[in-house]
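In this note's numbering, the protein residues as written are 5 to 227. Don't be surprised by glycine CBs; every beta carbon is placed ideally from N, CA and C. Keep in mind it's a predicted model, so treat the numbers as computed, not measured. Each remark here refers to the structure printed beneath this line.
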Amino acid sequence: MAMTTTPDGIPVVDILEDYNFNPLLLERISVRKVKPPPLHLADPDPSWPAAFSLLSSTIRTALQESDGDGEGEGKRGGFVSIRHVGSTSVPGLPAKPVIDIDLVVPDVADEPSYVPALEAAGFQFLIREPHWHGHRFFCSLEPLPPCNLHVWPPRCPEVERHRVFRDWLARSEDDRRLYLEAKRGAVSATVEEGGDVMAYNKRKEDVIRGILRRAFQDAGYLE
5 MAMTTTPDGI PVVDILEDYN FNPLLLERIS VRKVKPPPLH LADPDPSWPA
55 AFSLLSSTIR TALQESDGDG EGEGKRGGFV SIRHVGSTSV PGLPAKPVID
105 IDLVVPDVAD EPSYVPALEA AGFQFLIREP HWHGHRFFCS LEPLPPCNLH
155 VWPPRCPEVE RHRVFRDWLA RSEDDRRLYL EAKRGAVSAT VEEGGDVMAY
205 NKRKEDVIRG ILRRAFQDAG YLE
C-alpha cells in the first residue's frame with residue numbers, strides 16, 4: 005500500500021499534485037541586476053559541489069548558523085535546511101551552469117527574518133509567489149557562483165518533490181538519459197525561437213512529470 009504521509013508529516017496527496025505556472029500570480033520584487041547566462045547545457049562540472057558548498061556556507065553565515073551538513077536542522081532557528089537540487093546536484097548530468105538551492109526557513113512569510121540578511125550576503129530578491137507554498141526566489145550576485153535560491157516553509161511538498169526527483173535521477177540511468185534528451189530538445193527549440201527560461205521549463209514539463217511518477221513509485225508514494 006502506498007504511503008499517505010511522509011516521515012516528516014507531509015501529506016502525499018500534496019506531493020503528487022503538479023503545479024501549473026501562472027505568470028499573472030507572480031509578485032515581482034526587483035529586476036535582475038545581472039543578466040543570467042545564455043541558455044545552454046554545460047558538461048558535468050566537478051566544481052558544482054564546491055560551488056554549492058560555498059553558497060551554502062554563505063547562507064548559513066548570513067542566517068547566523070554555523071554547522072550542520074546541509075540536510076539537517078540549524079541550531080538557532082535561522083533556517084531549517086539547505087539542499088542542493090536541480091540538475092547540477094545529479095552526478096554526471098549536463099546542466100545549465102547555475103546551482104539550484106532549496107532553503108527552508110521557519111516562517112517564509114516573515115521576510116524580515118531572512119531577506120535583509122540574504123541580500124547583504126549577495127542574493128537579490130526577485131519574486132514572491134504566496135500562492136505556491138509561499139515561494140520566494142532569489143538569484144546570486146557576483147562574486148558568488150551563479151545560483152537560483154528558492155525559499156520555502158517547513159514541510160513543503162515542493163521541497164520533497166525536488167528531493168525525490170534528484171535522488172531518482174541519480175539512481176536511474178534510463179530516466180537520466182530521457183531527461184537529458186528532453187533538456188537538449190528544450191534548449192534547442194527555446195533558443196531557436198528566442199524564448200526565455202520559462203519557455204524552456206515548459207517544454208520539459210511533461211517529461212519531468214512522467215519521471216516523477218516513477219520516482220514516486222520508487223519512494224512508496226504511488227502504487
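- Ile-63 and Arg-159 do not touch by the CB rule: their CB atoms are close to 20 Å apart, not below 8 Å.
- In the displayed model, Ile-131 falls within a strand according to three-state DSSP.
- Counting only the Cα atoms, Gly-199 lies some 19 Å from Leu-30.
- Where Val-108 is concerned, the enclosing beta strand (DSSP E) starts and stops at 103-108.
- Where Phe-25 is concerned, there is no enclosing alpha helix (DSSP H), because DSSP gives it neither an H nor an E.
- Gly-96 sits exposed, since fewer than 16 C-beta atoms from the chains shown fall within 10 Å of its C-beta.
- With a 10 Å radius around the Cβ and a threshold of 16 neighbouring Cβ atoms, Ser-51 comes out exposed.
- About 7 Å separates the beta carbon of Pro-101 from that of Pro-41, a gap short enough to meet the 8 Å contact definition.
- At a Cβ-Cβ threshold of 8 Å, Ala-6 and Val-17 do not count as neighbours.
- Close CB contacts of Asp-179 within its chain, under the 7 Å cut and outside five residues either way in sequence, are with Trp-172, Leu-173, Ile-215 and Arg-218 (chain order).
- Counted as a single uninterrupted DSSP element, the beta strand (DSSP E) harbouring Ser-144 occupies residues 139-144.
- Nearest to Glu-123 by C-alpha distance, out of Gly-138, His-166 and Leu-67, is Leu-67.
- Looking at the backbone, the Cα of Gln-221 and that of Tyr-23 are separated by about 19 Å.
- Closest option to Pro-161, judged by alpha-carbon separation, among Ser-144, Ser-176 and His-139: His-139.
- In the DSSP assignment, Ile-63 falls outside any beta strand (DSSP E) and lies within the alpha helix (DSSP H) extending over 52-66.
- In this structure the segment 140-160 lies against the segment 99-119, because at least three pairs of beta carbons, one per stretch, are closer than 8 Å.
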